[in-house]
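Residue numbers (our numbering): -3 to 339. Yeah, the Cβ is synthetic: ideal placement off N, Cα and C, and Gly gets one too.
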């Protein structure tokens, strides 16, 4: 947790950012309350953990004056910030940064300061209603039994218990993760081959076919729209039909352009992810003989764990999307040059 990080830094005498500036004689201004010795605390750690400057993104315009006559400054909504990605060299891997953001969201579940979040906090969901599972402790008997049930059911809403014991869940998830790591190992050769290709963004766009249908659809509506005037001139359609159909085709073209824009952003995201995850197989390989579940590894590997009513488990892994990308690139590299030209 952020509290544990702050405590570790303070216990080891690591100066806080403010103390570092003092020691260096750097002038600084802060809106936070100051003490004789500024120590690390949870907010200070969190400010560093969520700062995208460490992954190469420049963020400006976070605050503004509400009136030029006043000194009062207010924070702006993140959507109004100016952000420039890849502005400078990243010192933190973007994928690791994503994991930290996920951990921050999950670990807020800890009830008291310094307490560790539950192993499955933020990861465990009911398969039927998609609600998070809630942790319960049965203190009857000599040894308390920890188990999880659907939070919707716990609130009296329309779902069943989906109850599963913590011990059984840990055993099943550990076994599934072992198999998954073994499965990922099969992609090591593929990954190395693709790395040697140095796939460009243009090639990545070409391989990803999601825009193909949209472009054809847009071209079709543009052709139909361009032929409307000739149809009107030849008396095939009435003037009222001309304006109605022109509006219809124009709307379809605009919709296609918006879809293409969204698809371009998604392809760019996947391309960036494929670059950021190039070394993930090497990182994961060291866990192939894992003997006990650790929260750090769990959050790194797992996106969601679904509990079915029959106590079966389904896991949605963080690298499933990366594996799909590798499959597409591998399929492309295995084609002959002639087939690639057609693609």
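Rounded Cβ spacing between residue i and residue j (contact assumed at less than 8 Å)
i: residue 118; j: residue 132; result: In fact, because the Cβ distance is near 17 Å, the residues do not count as touching under 8 Å.
i: residue 173; j: residue 159; result: Wrong, their Cβ atoms sit about 22 Å apart, outside the cutoff.
i: residue 291; j: residue 115; result: 5 Å
i: residue 87; j: residue 50; result: 5 Å
i: residue 200; j: residue 263; result: 7 Å
i: residue 284; j: residue 178; result: 7 Å
Secondary structure of residue i, DSSP reduced to three states
i: residue 183; result: coil
i: residue 116; result: coil
i: residue 54; result: strand
i: residue 35; result: coil
i: residue 64; result: coil
i: residue 79; result: strand
i: residue 342; result: In this structure the chain extends from -3 to 339, so residue 342 is not present and cannot be described.
i: residue 204; result: coil
i: residue 12; result: coil
i: residue 226; result: helix
i: residue 167; result: helix
i: residue 130; result: strand
i: residue 213; result: helix
i: residue 107; result: Because residue 107 carries a pLDDT of 49, less than 50, the predicted location of this residue cannot be relied on, and the following value inherits that uncertainty. Note: residue 107 maps to coil in three-state DSSP.
i: residue 221; result: helix
i: residue 312; result: strand
i: residue 159; result: coil
i: residue 87; result: coil
Same chain only: Cβ atoms within 6 Å of residue i, ignoring 5 sequence neighbours per side
i: residue 69; result: 59 and 61
i: residue 141; result: 134
i: residue 220; result: 245
i: residue 107; result: Residue placement at residue 107 cannot be trusted, given a pLDDT of 49 that sits under 50; the coordinates are not used to answer.
i: residue 233; result: 227
i: residue 161; result: 143
Cβ-Cβ distance between residue i and residue j below 9 Å
i: residue 154; j: residue 304; result: no
i: residue 319; j: residue 311; result: no
i: residue 280; j: residue 254; result: no
i: residue 249; j: residue 198; result: no
i: residue 12; j: residue 38; result: no
i: residue 240; j: residue 324; result: no
i: residue 356; j: residue 10; result: Because the chain here runs from -3 to 339, residue 356 falls outside it and cannot be looked at.
i: residue 8; j: residue 54; result: no
i: residue 77; j: residue 56; result: yes
i: residue 128; j: residue 289; result: no
i: residue 147; j: residue 168; result: no
Contacting residues, own chain, Cβ-Cβ under 8 Å from residue i (five flanking each side not counted)
i: residue 238; result: 224, 225, 227 and 228
i: residue 256; result: 207, 210, 211 and 214
i: residue 72; result: 57, 58, 59 and 60
Residue closest to residue i, alpha-carbon to alpha-carbon, out of the options
i: residue 369; options: 86, 52, 94 and 93; result: Here the chain covers residues -3 to 339 and nothing more, so residue 369 does not appear.
i: residue 307; options: 291, 157 and 245; result: 157
i: residue 122; options: 177, 57 and 309; result: 309
i: residue 185; options: 243, 113 and 278; result: 278
i: residue 81; options: 47, 95, 66 and 96; result: 47
i: residue 139; options: 163, 151 and 95; result: 163
i: residue 93; options: 113, 137 and 45; result: 45
7 Å Cβ shell around residue i - same chain, five flanking residues per side excluded
i: residue 98; result: 295
i: residue 299; result: 312, 313 and 314
i: residue 95; result: 295 and 296
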